[in-house]
Amino acid sequence: MGVIEFELSRVVPAGIADVFARLADIERYSDWMPVKGSMLRRTRQTSPGAPGLGTTYLDDTSFGPTPGEISEFEPPHTLVYHWWDKTKKGTLQLEGWPAYRLEATDEGSTLVHHHAEVRTYGMYRLATPVLRRIAVKERTATLEALAMSFGAAERATG
Numbered sequence: 001m002g003v004i005e006f007e008l009s010r011v012v013p014a015g016i017a018d019v020f021a022r023l024a025d026i027e028r029y030s031d032w033m034p035v036k037g038s039m040l041r042r043t044r045q046t047s048p049g050a051p052g053l054g055t056t057y058l059d060d061t062s063f064g065p066t067p068g069e070i071s072e073f074e075p076p077h078t079l080v081y082h083w084w085d086k087t088k089k090g091t092l093q094l095e096g097w098p099a100y101r102l103e104a105t106d107e108g109s110t111l112v113h114h115h116a117e118v119r120t121y122g123m124y125r126l127a128t129p130v131l132r133r134i135a136v137k138e139r140t141a142t143l144e145a146l147a148m149s150f151g152a153a154e155r156a157t158g
């Protein structure tokens, strides 16, 4: 197994409850995620009800459909997604955990700590260095889009 792990941080010009709500609202990701610079095409929730622990979703990406679920849900501070990619025979190839830890700032903004972990299996282990570059680019684009959705134009730091 190969492991990719990194942390990015970003100040988002909105209150912590608003930032958490935007990150948790799977059906509205297409409203604020970047059209260019991202492999994500659309995200849709596949389980009923409001997002919460165990909520399932499907990401339509440039690499194909990727299912996932919310694995941690503690409003308004912690949100962790878990996604996976399997072969047609059900063998795990890739899985990831994009995690968001939110802190309110004195200025009314939110400091977003974004921890990303991706594990590669089988032949995908060989692609771990390339997949790391893709993951950092994708996660950086996500944080930038999140901040821009609230009106910020600064760049993410890592």
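Start counting the sequence shown at 1; every next residue gets the next number (full-length UniProt numbering).
Yeah, the Cβ is synthetic: ideal placement off N, Cα and C, and Gly gets one too.
Alpha carbon to alpha carbon, how far is residue 95 from residue 135? 12 Å
task: Could you tell me the boundaries of the alpha helix (DSSP H) in which residue 131 lies?
output: 128 to 149
- Which same chain residues, not among the five before or five after residue 98, have their C-beta less than 6 Å away from its C-beta? 81, 116
* Asked: In chain order, which continuous runs of the alpha helix (DSSP H) of length 4 or greater are located wholly inside the stretch 13 to 71?
  -> 16 to 24, 29 to 32
Can you tell which of 140, 12, 70 has the C-alpha that lies nearest to the C-alpha of residue 26?
70
Q) Tell me which same chain residues have a C-beta within less than 8 Å of the C-beta of residue 11, skipping the five on either side of it? A) 105, 109, 110, 111, 112, 147, 152, 154
Enumerate in chain order the residues of its own chain whose CB-to-CB distance from residue 173 is below 8 Å, with the five nearest sequence positions on each side excluded. Lying before the first or after the last residue shown, residue 173 is absent from the chain, which here runs from 1 to 158.
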